[in-house]
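In what follows, a single structure is set out as structure tokens and then discussed.
Numbering (this note's numbering), first residue to last: 35 to 233.
The structure is reproduced here in structure tokens:
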């Protein structure tokens, strides 16, 4: 049952719906043409309009935040990407649907791979496992959402998960090969080192 139905929206809500969506679509068109600066500007304005009209925590705002996070990854502005994706994930974890949250977790996984932290990439992806809500590691996967048992991880790094061999091959050629390391070489967490014992 859809509980987000608004029968008589106020002017701010109507503006957020129409103008926010239009700005988001403009950003998408600019991005498709390779004009990332104009795309960023349109997405930021869309988020501003949506937050103003819908209030905090709206699904539509999370769509624009996630899309801007993806753009920032393309632009190698990884700290900004992480901030935007974390904002989107907070909303998507609270409001659903699970597929949207899985997509944002996968985007964060791609970001952490790019930063060289495959352990963190694996951890964020596995956050959806208990709900049966994981995405395939191939950005262009035509399928939706998966349980952990339906995915196979990369045999080398074990940090990314795929629904099929064709998806794994596509992601390997298009992205993952650059970041994959043998699991023995994965970045170790040194924030709380285990003391060496005397022998």
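The beta-carbon is built from N, C-alpha and C at its ideal position, and this holds for glycine as well. All of these numbers come straight from a predicted model, not from anything done at the bench.
Rounded to whole angstroms, how far is the Cβ of residue 73 from the Cβ of residue 65, which I believe are closer than 8 Å? At roughly 4 Å, the Cβ-Cβ gap stays under 8 Å, so residue 73 and residue 65 are in contact.
Am I right that residue 103 and residue 118 are in contact with their C-beta atoms under 8 Å? What's the rounded C-beta distance? Between residue 103 and residue 118, the beta carbon gap of about 4 Å places them in contact (Cβ cut-off 8 Å).
Three or more C-beta pairs under 8 Å: does that hold for the region 180-191 against the region 157-169? At 8 Å Cβ cutoff, the stretches touch.
Extent of the continuous alpha helix (DSSP H) run through residue 133: Run containing residue 133: 132-148, per the alpha helix (DSSP H) assignment.
Boundaries (first-last residue) of the alpha helix (DSSP H) holding residue 59: Here the alpha helix (DSSP H) through residue 59 covers 55-66.
Measuring alpha carbon to alpha carbon, tell me which of 135, 197, 159 and 99 ends up nearest residue 144. Nearest option by C-alpha distance: 159.
Count the other CB atoms within 10 Å of the CB of residue 110; is the residue buried (16 or more) or exposed (fewer)? When all chains shown are included, residue 110 counts as exposed.
Reduced DSSP secondary structure (H/G/I, E/B, other) of residue 165: Helix at residue 165.
Once the 5 residues before and after residue 256 are set aside, which same chain residues still bring their CB inside 6 Å of it? In the structure as shown, the chain begins at 35 and stops at 233. Residue 256 is therefore absent and cannot be evaluated.
Quick check on DSSP: helix, strand or coil for residue 92? In this structure, residue 92 counts as coil in the three-state DSSP scheme.
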